[in-house]
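Report on the following structure.
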Amino acid sequence: MIQKSYDNTPTVYLIPTPIGNLEDITLRAINVLKQVEVIFSEDTRVTGLLLQHLNIKKRLISSHEHNENDNIVKMIGYLNQGKDVGIVTDRGTPIISDPGYGLVKGAIAHKYNVVGLPGPTALIPALITSGISPSPFLFYGFLNSKDNKRIKELEQLRNQTATIIFYESPHRLMKLLQNIYEVLGNRQISISREISKKYEEIIRGKVSDIVNIDINIKGEFVIVLEGNTESVDYTKISITEHVNAYIKEGNSVNEAIKATARDRGITKKEVYNDYHQIKK
Numbered sequence: 029m030i031q032k033s034y035d036n037t038p039t040v041y042l043i044p045t046p047i048g049n050l051e052d053i054t055l056r057a058i059n060v061l062k063q064v065e066v067i068f069s070e071d072t073r074v075t076g077l078l079l080q081h082l083n084i085k086k087r088l089i090s091s092h093e094h095n096e097n098d099n100i101v102k103m104i105g106y107l108n109q110g111k112d113v114g115i116v117t118d119r120g121t122p123i124i125s126d127p128g129y130g131l132v133k134g135a136i137a138h139k140y141n142v143v144g145l146p147g148p149t150a151l152i153p154a155l156i157t158s159g160i161s162p163s164p165f166l167f168y169g170f171l172n173s174k175d176n177k178r179i180k181e182l183e184q185l186r187n188q189t190a191t192i193i194f195y196e197s198p199h200r201l202m203k204l205l206q207n208i209y210e211v212l213g214n215r216q217i218s219i220s221r222e223i224s225k226k227y228e229e230i231i232r233g234k235v236s237d238i239v240n241i242d243i244n245i246k247g248e249f250v251i252v253l254e255g256n257t258e259s260v261d262y263t264k265i266s267i268t269e270h271v272n273a274y275i276k277e278g279n280s281v282n283e284a285i286k287a288t289a290r291d292r293g294i295t296k297k298e299v300y301n302d303y304h305q306i307k308k
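With this note's numbering applied, the sequence shown has no gaps in its numbers, which climb one by one up to 308 at the end.
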């Protein structure tokens, strides 16, 4: 399916909203907020305050991860009537660690246009002010809230050479920093909070330095972490050597095979067959 984004057919607009400073909203975002018939909003109270500030009156429908599937039907109903629909989250760009994905999938499945507007997002300001190599980078978002699953996720990122960006909530920040230090080692790190607001703060240094700093645990945090600069070039070793390298780190054979397949961009079956053929 080829989308012609501006063919005057009913459209779903993904509209970024300010993450802090209200002046960050674009002129285009304001115009689209005025244009759409209805706005699906993560929190109608937050969006209502923004619209009030902009002197815009629109119908707001609460839409979050628990009711998105039900809202697909409502959204398609508006589109079938020839009306444009807006999607916003509390702050920042929809779908980036925020709701909206289900609605977008529903619109695409019904062959309606989905247009994403450029605009505010927390990860880019945090990256470009971090002092850590910006390219390539991997945006990971929120790690799992459960300790054992979070550690497992970090273990899977151990050999990632790209800069990694995480989001984290205040009450889990220090625990995450400890996990990073224990699993990924003492890397360069940048922690940003209150981006674009009056009390914006950026903490830079080695993980070992920052875990001992008295950080103001308020606001949303964006963590920019240096990639693995000591990673092995797996293109220069065999699949068996690759698997064994993971086993030596304490992974099971199955975990090592899965990680090897991920690193090489091949299937687990290919790795399994190659590894066990050599072992015979």
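Heads up, the beta-carbon is just placed ideally off N, CA and C, and yes, glycines get one too.
Rounded separation between residue i and residue j - CA only
i: Pro198; j: Gly105; result: 39 Å
i: Asn272; j: Ala284; result: 7 Å
i: Asp242; j: Leu201; result: 12 Å
i: Val310; j: Leu166; result: This structure leaves residue 310 out entirely; the chain is present only between 29 and 308.
i: Thr149; j: Thr117; result: 11 Å
i: Ile208; j: Pro127; result: 27 Å
i: Ile123; j: Ile238; result: 30 Å
i: Glu96; j: Asn214; result: 40 Å
i: Ser224; j: Phe249; result: 13 Å
i: Thr45; j: Asn282; result: 44 Å
i: Arg245; j: Gly255; result: For the sequence presented, residue 245 should be read as Ile rather than Arg. Roughly 25 Å between the two C-alpha positions.
i: Thr288; j: Asn49; result: 44 Å
i: Gly134; j: Thr295; result: 30 Å
i: Leu82; j: Met29; result: 36 Å
i: Leu78; j: Ala57; result: 12 Å
i: Lys308; j: Ser173; result: Any reading at Lys308 must be qualified, since the residue scores a pLDDT of 46, below 50, and its modelled position is unreliable; the value itself is stated next. Rounded to whole angstroms, Lys308 to Ser173 spans 41 Å at the Cα level.
i: Pro38; j: Gly278; result: 54 Å
i: Glu70; j: Tyr262; result: 43 Å
i: Leu42; j: Lys264; result: 43 Å
i: Gln216; j: Lys297; result: 36 Å
i: Glu93; j: Gly130; result: 8 Å
i: Met103; j: Leu253; result: 38 Å
i: Leu55; j: Gln80; result: 16 Å
i: Leu107; j: Glu65; result: 10 Å
Best match in the options for proximity to residue i [C-alpha to C-alpha]
i: Gly110; options: Gln63, Arg56, Gly233, Leu204; result: Gln63
i: Leu212; options: Asn187, Ile193, Tyr274; result: Asn187
i: Val60; options: Gly48, Glu70, Asp71, Lys85; result: Lys85
i: Gly114; options: Glu93, Asp98, Asn141; result: Asn141
i: Pro162; options: Leu171, Leu151, Tyr209; result: Leu151
i: His270; options: Asn256, Gly255, Lys286; result: Lys286
i: Glu183; options: Ile231, Val74, Ile275; result: Ile275
i: Leu205; options: Thr263, Asp291, Leu185, Asn240; result: Asn240
i: Pro164; options: Leu78, Thr257, Lys139; result: Thr257
i: Glu196; options: Gly144, Arg290, Ile251; result: Ile251
i: Ser280; options: Lys180, Leu88, Phe68; result: Lys180
i: Ile67; options: Lys139, Asn99, Asn36, Leu55; result: Asn99
i: Asp302; options: Thr268, Asp291, Lys32; result: Thr268
i: Arg221; options: Ile47, Leu55, Asn108; result: Ile47
i: Asp35; options: Gly130, Leu55, Val74, Val143; result: Val143
i: Ser266; options: Val101, His304, Leu107; result: His304
i: Gln31; options: Arg87, Phe194, Lys139; result: Lys139
Residue i: first and last residue of the uninterrupted beta strand (DSSP E) it sits in
i: Gly114; result: 113-116
i: Gln216; result: 216-221
i: Leu87; result: Reading the sequence as shown, one finds Arg at residue 87 and not Leu. Run containing Arg87: 87-90, per the beta strand (DSSP E) assignment.
i: Leu166; result: 165-170
i: Thr191; result: 191-196
Boundaries of the alpha helix (DSSP H) in which residue i is found, first to last residue
i: Leu17; result: The shown model of the chain, from 29 to 308, leaves out residue 17, and the question about it has no answer.
i: Tyr262; result: Segment: none, Tyr262 is in no alpha helix (DSSP H) and carries neither H nor E.
i: Arg292; result: 281-292
i: Lys203; result: 201-212
Residue burial classification, residue i (beta-carbon count within 10 angstroms, cutoff 16)
i: Val12; result: Nothing about residue 12 can be read from this structure; the chain reaches only from 29 to 308.
i: Asn176; result: exposed
i: Ser218; result: buried
i: Glu51; result: exposed
i: Phe170; result: exposed
i: Ile156; result: exposed
i: Ala154; result: buried
i: Ala137; result: exposed
i: Ile53; result: buried
i: Val132; result: buried
i: Val40; result: buried
i: Asp112; result: buried
i: Ile160; result: buried
i: Arg119; result: buried
i: Arg91; result: Note that residue 91 corresponds to Ser in the displayed sequence, not to Arg. The residue in question, Ser91, is buried, as its Cβ has 16 or more Cβ neighbours within 10 Å.
i: Arg178; result: buried
i: Ser158; result: buried
Discussion item. Quick check on the DSSP output: what are the complete beta strand (DSSP E) runs of length 3 or more inside the region 234-260, in order along the chain?
Written reply: Contiguous beta strand (DSSP E) elements confined to the region 234-260 occur at 249-253, taking only those with 3 or more residues.
Item to complete: Starting from the N-terminal side, write out each stretch of the beta strand (DSSP E) that is 3 residues or longer and does not extend beyond the region 30-97.
Response: If we require 3 residues or more, the beta strand (DSSP E) runs fully inside the region 30-97 come out as 39-42, 66-69, 87-90.
Item to complete: Just list the beta strand (DSSP E) runs in the region 106-162, keeping only unbroken ones of 3 residues or longer that don't cross its boundaries, in chain order.
Response: Whole beta strand (DSSP E) segments, 3+ residues: 113-116, 141-144.
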